[in-house]
Each structure stands twice: as structure tokens, then as C-alpha cells.
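Student: For reference, the structure I am asking about is given below.
Numbering (mature numbering (1 follows the signal peptide of the UniProt record, and there is no 0)), first residue to last: -26 to -1, 1 to 175.
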């Protein structure tokens, strides 16, 4: 992956798909078409409890507003990634968070902020403190990762699962429960996409 070629949503997509591929299959993708939506399924254990994850990377299709908004409404949690070597991707990360808020109309959405390519410190354009500050603004966990060397990849997904579980517990305490309809809606959204990988951590 050539950092200088990463621009805006394309960079967000490349960063995120590399993170996903390392998490799912422990490999680093040498190339990827950012216009292709990728769907993955895996099962992991977090805090001694099983978690079935359906992961959909849609950053490369941001221009298809209606479809993107459907994904944002149906998703239970979000990983917003940027490259520490590309300031424009960092700025785009804030834009993605604003999109999530606009669609869901709540700040109470499980999110993890990720600054990828931490191994390329000599090309750094976004400081660690800037990432932490943005995470404080988002009120979410923050990690700097290296998809190339698999640094903190598992931690990102564990943090997101914990955020989702906490959110679900708060919804139950508040008397809100998910319906079959919401689950079937999410299933319909995923149906057109081939599950690229099925694995078990």
C-alpha cells in the first residue's frame, strides 16, 4: 500500500479493509479495489462470551447515499479509520461521524476511532494527540494500529463489541428492545453480498 496514493474515502476504505483482513484471516492485502463492498462473517470470544460478527465495509460506496444510509441505520457499531500518513483522511473521518449522526439522529452509537499505519511514523501527518482529541469529541475508544504488522487489530474489534454490548444493556434497562423486524432488515441488507471469509478466532 502506497500512503501517498490514499485520498479521502479511498484511503478510509484501504485502511479499513486492511484492518478487517488482518482480523479475519491474519493476512495483509497487497491491493484492493475501493469501489467493491466487502462482507465478512466471523465468530470470536470477548470477555469469555461468544460474539458473532457480520462486518460490512462500505466506505468505497459513499456516493450511493440511499444505500449508505440504509447500512448506517442497520449497523450496530462502526469503526471509523484514517491513515496517520494522510491528513485528508483524518478530516474525512470527522465527516463520516457526522454522516452517522445525521442518519441515526443520536450520538449514542457504538463507534471506535482507528488511526492506521502506525508503523509508518516517518510519514506521520496526524499526531497521536490529534487522534485522541477527535476520539474525545466522538466520545469513543481510540487506537493507533498497524494492519501491516497486526498491531492492536484484535483490540479494536474487542472494544467495538464491548461498546455494542454496553449499548444493548442500556437499551434494555431503558425499556427498548430489538424487534424481529430490525434483525430481518439487517439480514436483507446483507443478502446481496458474498461472505468473503468465514472463520473462528
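Glycine residues also receive a C-beta, built at the ideal position from the N, C-alpha and C atoms.
Taking the C-alpha atoms as reference points, what is the distance between residue 137 and residue 131?
Tutor: 10 Å
Student: Rounded C-beta distance between residue 123 and residue 87? I'm assuming under 8 Å.
Tutor: Actually they do not touch by this definition, with Cβ atoms about 20 Å apart.
Student: Run the CB neighbour count on residue 51, radius 10 Å, all protein chains shown included, and call it buried at 16 or more, exposed below.
Tutor: buried
Student: Which parts of the stretch 116 to 152 are runs of the alpha helix (DSSP H), unbroken and 4 residues or longer, counting only runs that do not cross its ends?
Tutor: With a minimum length of 4 residues, the continuous alpha helix (DSSP H) runs that stay inside the stretch 116 to 152 are 127 to 147.
Student: Tell me which same chain residues have a C-beta within less than 6 Å of the C-beta of residue 67, skipping the five on either side of it?
Tutor: 54, 56
Student: Expressed to the nearest angstrom, what Euclidean distance is found between the alpha-carbon atoms of residue 44 and residue 92?
Tutor: 32 Å
Student: Rounded to a whole number of angstroms, what is the C-alpha to C-alpha distance between residue 120 and residue 90?
Tutor: 5 Å
Student: What are the boundary residues of the alpha helix (DSSP H) that includes residue 92?
Tutor: Residue 92 -> no alpha helix (DSSP H), and no H or E assigned at all.
Student: Any idea if residue 143 is buried or exposed, counting beta-carbon neighbours within 10 angstroms, 16 or more meaning buried?
Tutor: exposed
Student: Thinking C-alpha only, which one of 80, 49, 113, 22 is nearest residue 31?
Tutor: 49
Student: What three-state label does DSSP hand residue 21 in the structure shown?
Tutor: coil
Student: Out of curiosity, what's the CA-to-CA distance linking residue 154 and residue 99?
Tutor: With a pLDDT of only 45 at residue 154, under the threshold of 50, the placement of this residue in the model should not be trusted; the figure read from the coordinates follows. When rounded, the distance between both Cα atoms is 45 Å.
Student: Apart from the five residues just before and just after residue 70, which ones in its own chain have a Cβ nearer than 6 Å to its Cβ?
Tutor: 54
Student: May I ask you to list the residues that DSSP assigns as paired with residue 57?
Tutor: 90
Student: Which class does residue 85 belong to by DSSP, given the choice of helix, strand or coil?
Tutor: strand
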